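Peer 1: Here the protein sequences come in this chain order: A and B. Heads up, the first sequence is in this note's numbering, so the first residue is 1 and it goes up one at a time. Heads up, the second sequence is in this note's numbering, so the first residue is 165 and it goes up one at a time. Glycine included, every Cβ here is placed at the ideal spot set by N, Cα and C. Keep in mind the model is a prediction, meaning the values are calculated, not measured.
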Amino acid sequence: MALSKSIKSTRLDLYKAIVDNSDDYPFQHRYELFTLGAAIGFLREETYKKEKGNSYSQTFIKVGDITRDEHQSAIEFIYSLVKAELVQSGEVDEDIDEKKLETKAWTRMLEHADAGTDYVDKQVDIQGNFDLIGFVKEHEEKWPDRIEDALGGPPGDERILHPE
Amino acid sequence: MKIASVTFNNYKPYHSEVAVDLKTDDDKPLVLIEGQNDRGKSAFYSGLKFCLYGFEGTRTEVNEQQRQAINRKAAEDGLDETSVAVEFLHEDDVYEIKRVITFDQVDDPDERSPNNSYVTVEKNGNQEVGKSDLPHEYNEVINPILPEKASKFFFFDAEDDLQKYMKHTEEVKQAIETVLGIEEIQNAIEDLRERQKQYNKKFLTAQSNVDEYSQIKQDLEEILFRKEHLESEKKRLKNDRDQAEKRLSGIEEDLGNIKEIAEKQSKLDDTENEINNKESELDTKIDRRQDLLRLAGPLITAVGTSHVEQCYDFDSIDGGEEVIKHILESGTCICGDSLDKDDKESLRDQLEELASDGRKRTIKARDKASKLELGSEQKKEEFTLVQRRIYELERDLRTLRSTRDDLEQEIDEATEDDHKQLKKQKEQTNEQIEELKSEIEDINQKIGKVEGEEEQKERRIDSLGGASEDEKYFRKLRDLTARSKEAMQDLKEEFVESRQTAVENHTSKTFRELTNKSDVYDGINITSEYKLQVKTDTATRDVQEQAPSAGATQIIAYSFIAGLNNYTARKAPVVIDTPLSRLDKEHKDNLIKYYPEFSEQVIILYHPRELEKEDIEYLSEYASKHLEIEQKEDEPEAALISPGQRQTTLM
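#1: Please name the residue or residues paired with residue 192 of chain B in a DSSP beta bridge.
#2: Quick one: is residue 158 of chain A buried, meaning 16 or more other Cβ sit within 10 Å of its Cβ, or exposed?
#3: Drop a sphere of 10 angstroms on the beta-carbon of residue 680 of chain B, count the other beta-carbons inside from all chains shown, and report buried for 16 or more, exposed for fewer.
#4: Does the Cβ-Cβ distance between residue 204 of chain B and residue 177 of chain B come in under 7 Å?
#5: Output yes if chain B places a C-beta closer than 7 Å to the C-beta of residue 106 of chain A; else output no.
#6: Could you give the DSSP three-state label for residue 309 of chain B: helix, strand or coil?
#7: Compute the distance between the beta-carbons of residue 667 of chain B and residue 346 of chain B, then report whether it is under 7 Å.
#8: Just the chain B side, please: which residues come within less than 8 Å of residue 152 of chain A by C-beta, in chain order?
#9: Distance, Cα to Cα, residue 637 of chain B vs residue 732 of chain B?
#10: Applying a beta-carbon distance threshold of less than 7 Å, which residues of chain B neighbour residue 70 of chain A?
#11: Output the distance between the C-alpha atoms of residue 594 of chain B and residue 411 of chain B, rounded to the nearest integer angstrom.
#12: What does residue 112 of chain A reach in chain B if we use C-beta pairs closer than 7 Å?
#13: Just how far apart, CA to CA, sit residue 101 of chain A and residue 87 of chain A?
#14: Nearest CA to the CA of residue 700 of chain B: which residue from B/770, B/187, B/672 and B/694?
#15: Can you find the residues in the same chain that come closer than 8 Å, C-beta to C-beta, to residue 621 of chain B, ignoring five residues on each side of it along the sequence?
#16: Assign residue 223 of chain B to buried or exposed, taking buried as 16 or more other Cβ atoms, counted over all protein chains shown, within 10 Å of its Cβ.
#17: For the ligand GTP, any of its heavy atoms closer than 6 Å to the Cβ of residue 191 of chain B?
#18: Restricting to Cα atoms, I'd like to know which of B/236, B/609 and B/614 is closest to residue 269 of chain B.
#19: Could you name the residues of the segment 70-100 of chain A whose beta carbon sits closer than 7 Å to any beta carbon of chain B, in the order they occur along the chain?
#20: Looking only at DSSP bridge pairs, what is residue 697 of chain B linked to?
#21: When the distance is taken between beta carbons, is residue 719 of chain B closer than 7 Å to residue 678 of chain B?
#22: Anyone know if the C-beta pair for residue 115 of chain A and residue 41 of chain A falls short of 7 Å?
#23: For residue 476 of chain B and chain A, any beta-carbon pair shorter than 7 Å?
#24: Quick one: is residue 555 of chain B buried, meaning 16 or more other Cβ sit within 10 Å of its Cβ, or exposed?
#25: In this structure, what does DSSP give as the bridge partners for residue 263 of chain B?
#26: Can you list, in chain order, the residues of the segment 20-33 of chain A whose Cβ is nearer than 9 Å to any Cβ on chain B?
#27: For the segment 442-454 of chain B, list every residue whose C-beta sits within 9 Å of some C-beta in chain A, in sequence order.
#28: Would residue 194 of chain B pass as a contact of residue 167 of chain B if the rule is Cβ separation under 7 Å?
#29: Tell me the DSSP secondary structure of residue 257 of chain B in three-state form.
#30: Helix, strand or coil: how does DSSP classify residue 596 of chain B here?
#31: Between residue 352 of chain B and residue 652 of chain B, which are expected to be in contact by the criterion C-beta below 8 Å, what is the C-beta distance as a whole number of angstroms?
#32: Which residues in chain A have a C-beta closer than 8 Å to the C-beta of residue 492 of chain B? List them in chain order.
#33: Indicate whether at least one CB of chain B lies closer than 7 Å to the CB of residue 126 of chain A.
#34: Residue 408 of chain B and residue 596 of chain B: beta carbons closer than 7 Å?
#35: Here's a check: name, in chain order, each residue in its chain whose Cβ is nearer than 6 Å to the Cβ of residue 813 of chain B, leaving out the five neighbours to either side.
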């Protein structure tokens, strides 16, 4: 079933600068930047918290309405990890109500996305261009640790062997 | 004539004295001289010509050429003198010709200026001409060896001079006649004609003893006056015709350049097409790169999904759940042992964990991971390839756009209007030439008529008796001179015919050896006016009409020069500047094989790009010397000539 969560941001200024009014960036749709921001924010364990007078924008798009499957799947995967990490880290109780968990996880997802977007903007400022391969290489090694943070260590085969 | 050495002294890039030994063995006629652009290759070539013939042109032009010949540093250093000396062997005599330009010291080399110029000639160590600036004194020495007109076929720049030989001009015709020794016979005929006139005048002014005789002589004088006037008019018309033909040649050259513009337009069209194709590919690649860049988020995420799929494989665990349930139900382990209480508790804990919410979330994450089918490694690889191709295309486009701009600028300089105007000028000049020819024909008829009257009077005089002794004497000399002149004319015609056929045969033979289309071309035909025509199976056409490529044109000219040199009344070295630059590989290979046969001494000034290693190896077998023109290390504007780096295989 498609995710009905709304994509939005407290950093509308960045989305306007990077997606709406820039020729320096490749993005056509705001959700494209959101996916990148969410991945980077999650991997860097960074969140951009909503502050006073700093409200969320209107919804850009609902995840389920994104037409590019790659983006929808990536967002859903990261979201599944964010949810798992909240429980795994003990930040929420294991028996938390699923609805509450989803709300909290999606808020965290938005916070990661805003932090990641902010990071992308700063890096492009420093480097002078949007370096895709650089972004991928910089972050790909963080995945095993971050997945372990969310899901626990990979399962071992001993679990299905003789109990001894 | 064989050159033994040349010594440059403060001439162009050759500061102070630079002496070059050019002696060649009989079986190794070549001297190879390698030089990069602007090192002194053309200065070497021009220096030889300067020494033997001085500079050509008006007084102002000669002065400017002399000024440029003075080495800049030598002018600053106040070395007083620029000179080129050539030592050569001619019919067992050793000659040294030295041509000098004097100058004063200047602070700014741009201000350098020649004071005067002279030439000295020594023959076997004895002074033949001493510090002379009178051309006729020097010409008396050089003309029997190699007159300047003939030198054009021995010293030439293959890029420019050869093209001139493809155009029929009076100058080239004279040069050809000089080379073949025909000019000397013609000079003798002219001398006899002049002598005949003088004897006739003396006859006419000699004292007569008979009145009627005296009257007829007066009539004859009047006839001769009219005849001289007509001949003078004919000479003027011929001169006008020659000038018009020269102008026509210039117009045809300009039209030829416009033809080059058409070639450039075609090249411009090709370049535009290539630019369009590359721009289109670039747009596609940029779109694809944008597409891939927009996938930045999924691409980074795909690394994570791939890790989850590889390391969090729950298929076996799901199976494990079934196994644990089965073991618990049966009470027996798969190894056959019975389960005790602790074993059962442990298995139940595991079963509970497998069914926990956390595990469910992990399974869900893996499920989500499986949906991101991106192939991130391929995408990254594709991105790198796309990016590289974009750089290549942008680089290619920069080069192509620069070529396009250059071509557009060159084409702008010659417009359609120029073409029309030149065509019109050509028509007008052709009409003018035809009119002049017609006028010359009229004059010839008038001269013929006057000559008829003259003949009639002459016959009348013959029939009269009573001529004085002086009259008889000068009349006899006049008639004798006239018969000698006719004999020489007859000799010349026979000589021209035999030489021309011989040159034509050798030119054709050489051309067939050198051309890359020996199946198409039968040979070269030379008209009585020394116009070159290309013979094919089906037709004989003028070279310009045949419109061969630049390379083929050069080959025709080379063949013609070879033909002339083979039958020349004079033997001289061949000095070629930039010998192969316009030729394709096949023509080039043929010509390289031909060089050793070209003359008894062949000096080749070449750019390193003109000859490959294997060419050098081949030519080295026939080369007595292989030299290199270099810059002096401590003086970037000064050149020196030393044994070449590429002469390793010289034998």
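Peer 2: According to the structure shown:
#1: Here residue 192 of chain B corresponds to residue number 28 of the second sequence, with the count starting at 1. For residue 192 of chain B, which the question treats as bridged, DSSP gives the partners B/189.
#2: Within the first sequence, numbered from 1, the residue matching residue 158 of chain A stands at position 158. Confidence at residue 158 of chain A is low in this model, with a pLDDT of 40, below 50, so its placement is unreliable and no value can be given for it.
#3: Walking along the second sequence from the start, residue 680 of chain B turns up at place 516. Looking at its Cβ environment, which holds 16 or more other Cβ atoms inside 10 Å, residue 680 of chain B is buried.
#4: What you label residue 204 of chain B is simply residue 40 of the second sequence in a count that begins at 1. What you label residue 177 of chain B is simply residue 13 of the second sequence in a count that begins at 1. Contact: yes.
#5: The sequence position of residue 106 of chain A within the first sequence is 106, counting from 1. So no, residue 106 of chain A is outside the interface.
#6: As a working mapping, residue 309 of chain B is identified with position 145 in the second sequence. Coil, per DSSP.
#7: One-based indexing of the second sequence puts residue 667 of chain B at position 503. One-based indexing of the second sequence puts residue 346 of chain B at position 182. No, the Cβ-Cβ distance between residue 667 of chain B and residue 346 of chain B is not below 7 Å.
#8: In the first sequence, residue 152 of chain A corresponds to position 152, counting from 1. 522 and 526, listed in chain order.
#9: Taking the first residue of the second sequence as position 1, residue 637 of chain B is located at position 473. Taking the first residue of the second sequence as position 1, residue 732 of chain B is located at position 568. Rounded to the nearest angstrom, the two C-alpha atoms are 40 Å apart.
#10: Here residue 70 of chain A is taken as the residue at index 70 of the first sequence, counted from 1. In chain order: 459, 462, 536 and 538.
#11: The residue given as residue 594 of chain B occupies position 430 in the second sequence. The residue given as residue 411 of chain B occupies position 247 in the second sequence. Computed Cα separation, rounded: 10 Å.
#12: For the purposes of this step, residue 112 of chain A is taken as residue 112 along the first sequence, with counting starting at 1. Neighbours of residue 112 of chain A on chain B: none; closest Cβ ~12 Å, over 7 Å.
#13: On the first sequence, residue 101 of chain A is found 101 positions in, with the first residue counted as 1. On the first sequence, residue 87 of chain A is found 87 positions in, with the first residue counted as 1. Cα to Cα, residue 101 of chain A sits roughly 9 Å from residue 87 of chain A.
#14: Mapped onto the second sequence, residue 700 of chain B falls at position 536. That would be B/672, whose Cα lies nearest to the Cα of residue 700 of chain B.
#15: Here residue 621 of chain B refers to the residue found at position 457 when the second sequence is read from its first residue. Only 380, 383, 384 and 387 meet the Cβ criterion.
#16: Locating residue 223 of chain B in the second sequence gives position 59, counting from the first residue. Residue 223 of chain B is exposed by the Cβ-count criterion.
#17: This structure lacks the ligand GTP; in fact it carries no ligand of any kind.
#18: By one-based count along the second sequence, residue 269 of chain B stands at place 105. Checking every option, the nearest Cα to that of residue 269 of chain B belongs to B/236.
#19: 70, 71, 73, 74, 76, 77, 78, 80, 81, 83, 84, 87, 88 and 94
#20: On the second sequence, residue 697 of chain B is found 533 positions in, with the first residue counted as 1. Paired residue(s): B/689 and B/706.
#21: The residue labelled residue 678 of chain B in the question sits at position 514 within the second sequence. The residue labelled residue 719 of chain B in the question sits at position 555 within the second sequence. In this structure, residue 719 of chain B lies closer than 7 Å to residue 678 of chain B by Cβ.
#22: For the purposes of this step, residue 115 of chain A is taken as residue 115 along the first sequence, with counting starting at 1. For the purposes of this step, residue 41 of chain A is taken as residue 41 along the first sequence, with counting starting at 1. Against a cut-off of 7 Å, the Cβ pair of residue 41 of chain A and residue 115 of chain A comes out as a contact.
#23: Here residue 476 of chain B corresponds to residue number 312 of the second sequence, with the count starting at 1. So yes, residue 476 of chain B belongs to the interface.
#24: Position 391 of the second sequence, counted from the start, is the residue given in the question as residue 555 of chain B. With fewer than 16 Cβ atoms within 10 Å of its Cβ, residue 555 of chain B is classed as exposed.
#25: Against the second sequence, residue 263 of chain B aligns to sequence position 99. The partner list for residue 263 of chain B (beta bridge, DSSP) reads B/248 and B/283.
#26: 25, 26, 27, 28, 29, 31, 32 and 33
#27: 453 and 454
#28: The residue you call residue 194 of chain B lines up with position 30 of the second sequence. The residue you call residue 167 of chain B lines up with position 3 of the second sequence. Cβ atoms of residue 194 of chain B and residue 167 of chain B: not closer than 7 Å.
#29: Residue numbering aside, residue 257 of chain B sits at position 93 when the second sequence is read from its first letter. If DSSP states are grouped into helix, strand and coil, residue 257 of chain B belongs with the strands.
#30: Indexing the second sequence from 1 puts residue 596 of chain B at position 432. Here residue 596 of chain B sits in helix by DSSP.
#31: Residue mapping note: residue 352 of chain B aligns to position 188 of the second sequence, counting from 1. Residue mapping note: residue 652 of chain B aligns to position 488 of the second sequence, counting from 1. That belief holds up - the Cβ atoms of residue 352 of chain B and residue 652 of chain B are roughly 5 Å apart, short of 8 Å.
#32: Along the second sequence, one-based indexing puts residue 492 of chain B at 328. Near residue 492 of chain B there are no residues of chain A at all, since even the closest Cβ is about 11 Å away, more than 8 Å.
#33: As a working mapping, residue 126 of chain A is identified with position 126 in the first sequence. Taking Cβ atoms only, chain B never reaches closer than 7 Å to residue 126 of chain A, which makes this a no.
#34: Residue numbering aside, residue 408 of chain B sits at position 244 when the second sequence is read from its first letter. Residue numbering aside, residue 596 of chain B sits at position 432 when the second sequence is read from its first letter. Contact flag set, yes.
#35: If you number the second sequence from 1, residue 813 of chain B lands on position 649. Note that residue 813 of chain B has pLDDT 34, beneath the 50 cutoff, so the model's placement of it is unreliable and the number below is only indicative. Closer than 6 Å at Cβ, skipping near neighbours: 781 and 784.
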